[in-house]
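Peer 1: Shown below is the structure under consideration.
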Amino acid sequence: MPCLSTQPTSESSLPAPSSSSKADPGPQQISMRSLIVTQDASIIIGRGGAHVNEIRDKSSARVTVSESIPGNPERILNVSGPLDAVAKAFGLIVRRINDEPFDVPSVPGSRAVTIKFIIPNSRMGSVIGKGGSKIKEIQEASGARLNASEAMLPGSTERVLSVSGVADAVHIAVYYIGTILLEYQEKFPAQGGGSYRQSSGGERERRGPPPAFSPSAPPPPGMQQQQIFIPNAFVGAIIGRAGAKINEIRTQSACQIRVTDPGSTLPDGPPANPEERLVVITGYPENIQSAITLLYSVSLFLVLCFD
1 MPCLSTQPTS ESSLPAPSSS SKADPGPQQI SMRSLIVTQD ASIIIGRGGA HVNEIRDKSS
61 ARVTVSESIP GNPERILNVS GPLDAVAKAF GLIVRRINDE PFDVPSVPGS RAVTIKFIIP
121 NSRMGSVIGK GGSKIKEIQE ASGARLNASE AMLPGSTERV LSVSGVADAV HIAVYYIGTI
181 LLEYQEKFPA QGGGSYRQSS GGERERRGPP PAFSPSAPPP PGMQQQQIFI PNAFVGAIIG
241 RAGAKINEIR TQSACQIRVT DPGSTLPDGP PANPEERLVV ITGYPENIQS AITLLYSVSL
301 FLVLCFD
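For the record, in the sequence shown the residue sitting at position 80 is 80 according to the UniProt record's numbering, with numbers rising by one throughout.
Quick look at the structure:
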């Protein structure tokens, strides 16, 4: 799903993936999305949700998989929580796909799995680094192979970052990638919460929709506001006939979602792109991620079916 663009950040040394590291974001939360084929999604979920619940329990991360859409071969895997937990969850996901035990280190014969992360184009430069320096550092530190797509996803401002490796390699690589994304968000807090950072706190039950308030006013206490951009071509499908689809997304995510008028932009932001519309999502952090996933599912379905 298209995300808010911000300025690229300068590179910095990568910290070691240790809970005692001073660079550890601690209570900071991160949400990382990836595209997975339906077959792998079924393996990750398991019968009656047994597998995904085990991953949640062992990692302490929130793991969700979007609903399957007929004709769409891919689904969205969203993992959120403290960075350590998110990185561990992706390692466990690779183990589950490979049918490997969770408590045994990866061995040379383990099969490499590719995770396709969805990264906003504005942040990809920070992950790649000058001349590919960051990617090289991550590869050397983790043993995983990273490849950033040159083109953005059709009708989107996001790109795919493929991470290939055994479970332990993916675990380490995700930690480093997440660290860079959190550092970026720390340096540009004025751009809003961002897709990658949420307020601190553990797993909470989904709350009801937020009360209505003026778009110019700050969100109510405990809530956040996320701004994203979507291509004009997708607006009709996202709103639906008589607003049916967007009302469905509002209900499922328990968020307030507003598609602004053409030409709307953010305060102090760049001029509006005539080919995009600004969407403002207001709600509790975990609910905002659900809303973004649902919006992205509609866009991805349109891309795969009609591009």
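Cβ coordinates follow ideal geometry from the N, Cα and C atoms, glycine included.
Smallest Cα separation from THR157: which of GLU100, ALA244, ILE230 and ALA87?
Peer 2: Considering only alpha carbons, the answer is ILE230.
Peer 1: Kindly give me the distance between the Cβ atoms of LEU182 and LEU83, rounded to whole angstroms, as I take these residues to be in contact under 8 angstroms.
Peer 2: Yes, LEU182 and LEU83 are in contact; Cβ-Cβ is about 7 angstroms, under 8 angstroms.
Peer 1: Note down the Cα distance separating ILE238 from GLY109, rounded to an integer number of angstroms.
Peer 2: In a straight line, the C-alpha of ILE238 is about 45 angstroms away from that of GLY109.
Peer 1: LYS88 lies in the alpha helix (DSSP H); which residues open and close that run?
Peer 2: From DSSP, the alpha helix (DSSP H) with LYS88 extends over 83 to 97.
Peer 1: ALA87 and VAL63 look like a contact to me (Cβ under 8 angstroms); what is the Cβ gap, rounded to whole Å?
Peer 2: That belief does not hold up - the Cβ atoms of ALA87 and VAL63 are roughly 13 angstroms apart, past 8 angstroms.
Peer 1: Excluding the 5 residues flanking GLY202 on each side, which residues of the same chain have their C-beta closer than 6 angstroms to its C-beta?
Peer 2: Confidence at GLY202 is low in this model, with a pLDDT of 34, below 50, so its placement is unreliable and the value that follows should be read with caution. Here the set comprises nothing.
Peer 1: Just the C-alpha distance for ALA212 and MET152, rounded to the nearest angstrom, thanks.
Peer 2: Summary for ALA212: the model assigns pLDDT 44, below 50, so the residue's position carries little reliability; its value from the coordinates is reported in the next sentence. Cα-Cα distance, rounded: 34 angstroms.
Peer 1: Only counting the same chain, and skipping five residues up and downstream in sequence, which positions put a Cβ closer than 6 angstroms to that of SER142?
Peer 2: ALA169, ILE172 and ALA173.
Peer 1: For SER156, which three-state DSSP category applies?
Peer 2: SER156 falls in the coil class under three-state DSSP.
Peer 1: What does SER162 pair with, by DSSP beta-bridge criteria?
Peer 2: LYS116 and ASN147.
Peer 1: Return the CA-CA distance between ASN287 and ILE76, expressed in angstroms with no decimal places.
Peer 2: Rounded to whole angstroms, ASN287 to ILE76 spans 15 angstroms at the Cα level.
Peer 1: Among VAL279, LEU278, ARG241 and ALA144, which has the Cα closest to the Cα of VAL94?
Peer 2: With distances taken between Cα atoms, VAL94 lies closest to ALA144.
Peer 1: Under the rule that 16 or more other beta-carbon atoms within 10 Å means buried, what is residue 310, buried or exposed?
Peer 2: Any question about residue 310 goes unanswered here, given that the chain covers just 1 to 307.
Peer 1: Where does the unbroken alpha helix (DSSP H) through GLN139 begin, and where does it stop?
Peer 2: That run of the alpha helix (DSSP H) goes 133 to 142.
Peer 1: By how many angstroms is the C-alpha of SER68 removed from the C-alpha of SER290?
Peer 2: Roughly 15 angstroms separates the two Cα atoms.
Peer 1: Keeping to the same chain, check which residues put their C-beta closer than 7 angstroms to that of ARG111; ignore five residues upstream and five downstream.
Peer 2: Contacts found: ASN98.
Peer 1: Distance, Cα to Cα, VAL235 vs SER106?
Peer 2: If you take the alpha carbons of VAL235 and SER106, they lie about 45 angstroms apart.
Peer 1: Throw me the rounded Cβ distance for the PHE117 and VAL163 pair, which I believe falls under 8 angstroms.
Peer 2: Confirmed, Cβ separation roughly 6 angstroms.
Peer 1: How big is the Cα-Cα spacing for ARG258 and ARG250?
Peer 2: Their backbone Cα atoms lie some 10 angstroms apart in a straight line.
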